[in-house]
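Notes follow the structure.
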Amino acid sequence: MSAEKMGTVEYIQHHLTNNTLALNAEAQEAINNGQMTFWALNLDTIAISFLLGALIVLVAARLGKQLETGTPGGFQNFVESILDFVSTNVRDAFPGHNPLIAPLALTIFLWVWVMNFMDLIPVDLLPYLAQLVTGDPHFHLKVVPTTDLNTTLAMATAVFGLILYYNIKIKGVWGFIKMFLFHPFGKFLVPVNMVMTLIEEVSKPLSLALRLFGNMFAGELVFLLIALIGGTLAVGAAAFFWAPLQALLDLGWLIFHLLVITLQAFIFMVLTIVYLGMAHDEGH
Amino acid sequence: MTNTDHKNTGKQPPHKPALNFLLIGAGSMFTSMIVAGFLVGYALDEVFDTKPIFLLSCGLLGFIGGMQKIQRLLSKMDQLDPPKAKDASEKSE
Chain L
257 MSAEKMGTVE YIQHHLTNNT LALNAEAQEA INNGQMTFWA LNLDTIAISF LLGALIVLVA
317 ARLGKQLETG TPGGFQNFVE SILDFVSTNV RDAFPGHNPL IAPLALTIFL WVWVMNFMDL
377 IPVDLLPYLA QLVTGDPHFH LKVVPTTDLN TTLAMATAVF GLILYYNIKI KGVWGFIKMF
437 LFHPFGKFLV PVNMVMTLIE EVSKPLSLAL RLFGNMFAGE LVFLLIALIG GTLAVGAAAF
497 FWAPLQALLD LGWLIFHLLV ITLQAFIFMV LTIVYLGMAH DEGH
Chain Y
10 MTNTDHKNTG KQPPHKPALN FLLIGAGSMF TSMIVAGFLV GYALDEVFDT KPIFLLSCGL
70 LGFIGGMQKI QRLLSKMDQL DPPKAKDASE KSE
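Here the protein sequences line up with chains L and Y, keeping their order. Each residue of the first sequence is one higher than the one before, starting from 257 at the first, in the working numbering. Each residue of the second sequence is one higher than the one before, starting from 10 at the first, in the working numbering.
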C-alpha cells in the first residue's frame, strides 16, 4: 500500500512486516499478537532468497555454456573480473589450500549482493504489485531478504558450522579442546579461558549476522522515510516542491547505498575467509 | 603490504593481508564480544539457576575479551606499520 493511503507509522510497520506462515496454533496466536516465534516461516524471505539464488545459478549455467576463449564478450569479462577479485581476496586472506573456500566465498559474495540489491528497487513497487495480484490490500511482502535477521543469522550459522568443522578437522579433537582450555590466559585460568573462548567463538557468527542485518535494515528504513516525503506531504500544489525533493534524496541515497550493499557483501565474504583461515591455522 | 614486502624484510608474519580486512570489522567484533558474553552468561544462568551472576560476569569477560582482541589486532597493525612509515619518511626527504 502506498504512503498516501496510510499513516506514517502504519506505512513503515507494514513494509517491515514479513509474510509469515504459522506452523501450529500457538505460533499463529503469537503472530496475531505481533510477536515472532520459532514455528513460523517467513515466506517472502524464503521465496525471494531462493529465487535470487536460482537466478545466480541460471545465469552462471548459461554463461558456462557460452564461454569464449579468444576475446570474451562484455558480460563474460564482467563475471571474470568478479571471479578474479574473489580469488585474489582468498589468496591474500587464506593461508594454505582448500578447494572449498573460493567457491564458498564467491557464492556468499554474489548471493548477499543480489539480496542486498533488492533494497534498490523502489520500496512500494513489488509490495504494490503483490497486492494487485492477490487482491488483498494488506498483503505483506518484505522484498529484501537481508533485512530479515533470520536470513543473516542462518548464513552466519552455516559459516559457523564450517568453522567448527575445520577447527576439529585440522586441529583434531584434542587440539580443539586445548584451544578452549588454555587460550587466551594460559593454563592457570582454565575456567575463565573456557568461558572466554566460548564467548569469542559465539561472537563470530553474531558479528557477521548483526552487521549485515543492521546495515541493510537501516538502509531500507531510510528509503521508507524518503518515500514518505512524497507520500504524506505531496498533497496538491505542495507536490511540486516535495516530489522533486524526494526524487533527489532517493537518487542520492541510492548511489550511496550501492556502495553500502557492495561493501557489506564484501565484508561478509572476507570475514568468512578470515574466520575459516583462523580455523585452518594450527598455531591459533 | 604485499608478499614482496615480506620477502624484503626477511620475516614472514602469518597472513598479513587478512589484517586489513579484520580491521574493517573491529568495531562490530568488539560489540559482538560483549553481546556474546551476555548470551553465554544468560545460558549459564539458565542452566545453573544463578541469575544474574553469570550474566554479569560473562558480560564483563566479553568486554575484557573484546578489548584484548581489538588491542591485539591493532598492535599487530603497529608491527606492520614501521616499514611503511620509513618509506614515507624517505620519500619526504
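Think of the CB as a built atom: it goes at the ideal place given N, C-alpha and C, for glycine as much as any other residue.
Buried versus exposed call for residue i [16 or more other C-beta atoms within 10 Å across all chains shown]
i              : result
F522 (chain L) : buried
Y531 (chain L) : buried
T327 (chain L) : exposed
W430 (chain L) : exposed
Q21 (chain Y)  : Bear in mind that a pLDDT of 49 at Q21 (chain Y), under 50, signals an unreliable position, so the model cannot answer this.
P383 (chain L) : buried
F331 (chain L) : exposed
T276 (chain L) : buried
S41 (chain Y)  : buried
M38 (chain Y)  : buried
Q502 (chain L) : buried
V399 (chain L) : buried
Q322 (chain L) : exposed
Closest by C-alpha distance to residue i, when choosing among the options
i              : options                           : result
A197 (chain L) : L:T402, L:D375, L:N372 and L:L339 : Lying before the first or after the last residue shown, residue 197 (chain L) is absent from chain L, which here runs from 257 to 540.
V415 (chain L) : L:I482, L:V370 and L:M525         : L:M525
R467 (chain L) : L:Q502, L:H271, L:M411 and L:I377 : L:M411
A280 (chain L) : L:Q291, L:L272, L:A296 and L:Y267 : Note on identity: in this sequence residue 280 (chain L) is Asn, with Ala being the wrong assignment. When each option's Cα is compared against that of N280 (chain L), the closest is L:A296.
E476 (chain L) : L:G533, L:A494 and L:M374         : L:M374
I268 (chain L) : L:N289, L:L480, L:H396 and L:N406 : L:L480
N406 (chain L) : L:R318, L:Q284, L:L514 and L:L299 : L:L299
M450 (chain L) : L:K460, L:F438, L:S459 and L:P461 : L:F438
L362 (chain L) : L:A535, L:L527, L:H536 and L:M534 : L:L527
V313 (chain L) : L:T273, L:W367, L:F294 and L:V400 : L:W367
L70 (chain Y)  : Y:V49, Y:G36 and Y:V56            : Y:V49
I419 (chain L) : L:F294, L:D537 and L:E282         : L:D537
P378 (chain L) : L:T518, L:Q520, L:M534 and L:L507 : L:L507
C67 (chain Y)  : Y:G36, Y:I33, Y:T59 and Y:I43     : Y:I43
Proximity test, Cβ basis, 8 Å: residue i and chain L
i             : result
Q80 (chain Y) : no
S84 (chain Y) : no
V4 (chain Y)  : Outside the displayed range of chain Y (10 to 102) lies residue 4 (chain Y), so it cannot be described from this structure.
M38 (chain Y) : yes
I33 (chain Y) : yes
Q77 (chain Y) : yes
V44 (chain Y) : yes
L70 (chain Y) : yes
H15 (chain Y) : Low confidence applies here, because H15 (chain Y) scores a pLDDT of 45, under 50, leaving its location unreliable; read the following figure in that light. It does not; no Cβ of chain L falls within 8 Å.
D87 (chain Y) : no
As assigned by DSSP and simplified to three states, the class of residue i
i              : result
E266 (chain L) : helix
L279 (chain L) : coil
I79 (chain Y)  : helix
N449 (chain L) : helix
G290 (chain L) : coil
Q332 (chain L) : helix
V520 (chain L) : One detail in the question is off: residue 520 (chain L) reads as Gln in this sequence, not Val. Reduced to three states, the DSSP call for Q520 (chain L) is helix.
E324 (chain L) : coil
P461 (chain L) : helix
F63 (chain Y)  : helix
D375 (chain L) : helix
N17 (chain Y)  : Note that N17 (chain Y) has pLDDT 46, beneath the 50 cutoff, so the model's placement of it is unreliable and the number below is only indicative. Note: N17 (chain Y) maps to helix in three-state DSSP.
G508 (chain L) : helix
D340 (chain L) : helix
N354 (chain L) : coil
L382 (chain L) : helix
V399 (chain L) : coil
L481 (chain L) : helix
Residue-chain proximity (residue i, chain Y), Cβ-Cβ < 8 Å
i              : result
A259 (chain L) : Low local confidence applies: a pLDDT of 49 at A259 (chain L) is under 50, so the model's placement there is unreliable, and no value is given.
S337 (chain L) : no
I433 (chain L) : no
S459 (chain L) : yes
I523 (chain L) : yes
S463 (chain L) : yes
L454 (chain L) : yes
L272 (chain L) : no
V448 (chain L) : yes
L466 (chain L) : yes
L388 (chain L) : no
P359 (chain L) : no
L420 (chain L) : no
P440 (chain L) : yes
V342 (chain L) : no
V516 (chain L) : no
L532 (chain L) : no
V451 (chain L) : yes
L437 (chain L) : no
L445 (chain L) : no
L323 (chain L) : no
L527 (chain L) : yes
Bridge partner(s) assigned by DSSP for residue i
i              : result
A296 (chain L) : L:A278
Chain A contact for residue i (CB, 8 Å cutoff)
i              : result
L409 (chain L) : Absent from the structure is chain A; the protein chains it does hold are L and Y.
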